[in-house]
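Beneath this line is the structure, given in structure tokens, with notes to follow.
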Amino acid sequence: MKIKNCVAAVLKLLKYLSWGFKIKLELLCPHQCICLYYDRKPQARRRWLHCVYCIPWLVYLYISRDVKLTAKSMADEQEIMCKLESIKEIRNKTLQMEKIKARLKAEFEALESEERHLKEYKQEMDLLLQEKMAHVEELRLIHADINVMENTIKQSENDLNKLLESTRRLHDEYKPLKEHVDALRMTLGLQRLPDLCEEEEKLSLDYFEKQKAEWQTEPQEPPIPESLAAAAAAAQQLQVARKQDTRQTATFRQQPPPMKACLSCHQQIHRNAPICPLCKAKSRSRNPKKPKRKQDE
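For what it's worth, the UniProt record's numbering labels the leading residue of the sequence shown as 1, then goes sequentially.
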């Protein structure tokens, strides 16, 4: 293809010379024909015919120069293609990293929202426990609310743990990808991308470990009010004094009455009591008696 182009160029040159146009050629040949002017003169025509013998040599010089330029251009093209491939890979990895970072931020926002909800749930749980200790009459409704709130907290903790694992997985996936992108950028002389901890201070493994330890802590029972504690201590002392008096006066040791826990307020009441004296809830036996069948006469 290159030889064909060279021959076509030579034929085109001969065509212009045969038409009689004035042409200036600055070529290097063994006959030292540097400048040639064709102006329809016999002497100039003979000089031009003399240079016709140098055409193969000129074709060889043109081809060798074209081969050298082609080899150099191929090397430059290969280097440019390598750089373009690196830029393409950096672009793809950067887009992938941006998608993961966007998902990570969304998951982190959901994580913070769920954390706020969990704190609100725990505060509500503490208030409910304090109300339980202060108001014995409303224990049945409060226990129902506590059960609902405990189920809600368990569900929230499960969702929070799932979000935490998803966030940690995305963080672990983001870190090697960012290191690879930074290495590729360093090869091209570009600056490294900022870390997540520089953009968002909370996006770090220490934060995830700390939050996980805080989320797994169970709510502690609130302290008993001083008035109730004093009343309970006085009642206990009075009961102990009564037991001592009964032991001294009784001729035989009497066993305490059978007790059971109320299903509503969880207080100890008599086993046969139909109604709890504290919360006024009906007491039901866990093992009800079967009705007796009447014998046929």
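Glycine residues also receive a C-beta, built at the ideal position from the N, C-alpha and C atoms.
Here the structure is a predicted model, which is why all the values come from computation and not from measurement.
Please look up how many angstroms separate the CB atoms of residue i and residue j, rounded, as I've assumed it's under 8 Å.
{"i": "V181", "j": "L163", "result": "About 26 Å separates the two Cβ atoms, so there is no contact after all."}
{"i": "D159", "j": "E115", "result": "So it is not a contact: roughly 11 Å between Cβ atoms."}
Relative to the alpha-carbon of residue i, which residue among the options has its alpha-carbon at the smallest distance?
{"i": "D195", "options": "K260, L141, K178", "result": "K178"}
{"i": "N161", "options": "F108, L128, I90, L127", "result": "F108"}
{"i": "E131", "options": "I142, E112, L263", "result": "I142"}
{"i": "C265", "options": "S73, N92, L129", "result": "L129"}
{"i": "L188", "options": "S73, A106, K83, E114", "result": "K83"}
{"i": "P256", "options": "M186, L127, R271, D159", "result": "R271"}
{"i": "P176", "options": "N151, E112, R140, Q96", "result": "Q96"}
Alpha carbon to alpha carbon, how far is residue i from residue j?
{"i": "S86", "j": "L184", "result": "7 Å"}
{"i": "L170", "j": "P258", "result": "59 Å"}
{"i": "E98", "j": "L190", "result": "18 Å"}
{"i": "K260", "j": "K282", "result": "13 Å"}
{"i": "A110", "j": "I146", "result": "25 Å"}
{"i": "V136", "j": "Q123", "result": "20 Å"}
{"i": "A102", "j": "K88", "result": "21 Å"}
{"i": "E77", "j": "T94", "result": "25 Å"}
{"i": "K105", "j": "R168", "result": "12 Å"}
{"i": "L263", "j": "L127", "result": "22 Å"}
{"i": "M74", "j": "D172", "result": "42 Å"}
Would you say residue i and residue j are within 7 Å of each other, going by their C-beta atoms?
{"i": "I269", "j": "C279", "result": "no"}
{"i": "L118", "j": "S166", "result": "no"}
{"i": "I100", "j": "Y174", "result": "yes"}
{"i": "I90", "j": "Y121", "result": "no"}
{"i": "M149", "j": "M133", "result": "no"}
For the beta strand (DSSP E) containing residue i, list its first residue and its last residue.
{"i": "Q191", "result": "It is not in any beta strand (DSSP E) - Q191 carries neither H nor E in the DSSP assignment."}
{"i": "H270", "result": "268–270"}
{"i": "K260", "result": "259–261"}
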